[in-house]
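Taking it in order: structure first as structure tokens, then the write-up.
Numbering (our numbering), first residue to last: 1115 to 1248.
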């Protein structure tokens, strides 16, 4: 049986948020991108939704190599968002971890296994012509 280890505050870039950092959507977006980079997410794409949708200012889409990695990335991301002072991120889809949605308020994150991401192709659905790799 595996055990869960707590994340050290100095263990990664994502948790190194300045104490008095301004809590903006852009700062949250940067924290999320750093967290996904720390967890070796694949094919990270960020879509700016500000002024185009009322659901969030940013949407981030990324892949993990397995359901275990997707679940781990989601749990660590939610923990880092909370420790960064952005409140509680809501997570959907963890039992199966084929597609996990993390609602962090101003940033919505979709984490997929590669074949599930290809099937749903959210980038094409939400592409406003200015999507870019993060």
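Beta carbons: idealized from backbone N, C-alpha and C, even for Gly.
Practice task
Return the chain-ordered list of same chain residues with a C-beta closer than 6 Å to the C-beta of residue 1116, the five sequence neighbours on each side being excluded.
Solution key: Only weak support exists for where residue 1116 lies, its pLDDT of 36 falling under 50; the value from the coordinates is given anyway. Nothing meets the Cβ criterion.
Problem - Validate contact between the region 1209-1224 and the region 1167-1182 using beta carbons, cut 8 Å, 3 pairs - result: The answer is yes - the region 1167-1182 touches the region 1209-1224, with three or more Cβ pairs under 8 Å.
Problem - Those residues which DSSP pairs with residue 1217 across a bridge - result: 1204 and 1222
Exercise for the section: Helix, strand or coil for residue 1211, going by three-state DSSP, please let me know. Expected result: coil
Practice task
Could you pull out every residue in the same chain whose Cβ sits closer than 7 Å to the Cβ of residue 1201, ignoring the five residues on either side in sequence?
Solution key: 1219
Exercise for the section: Kindly indicate if chain C contains any beta-carbon less than 8 Å away from that of residue 1236. Expected result: No chain C is part of this structure, which consists of one protein chain only.
Exercise for the section: Inspect the beta-carbon positions of residue 1230 and residue 1212 and report whether they are closer than 8 Å. Expected result: Residue 1212 sits close to residue 1230, with the two beta carbons spaced by under 8 Å.
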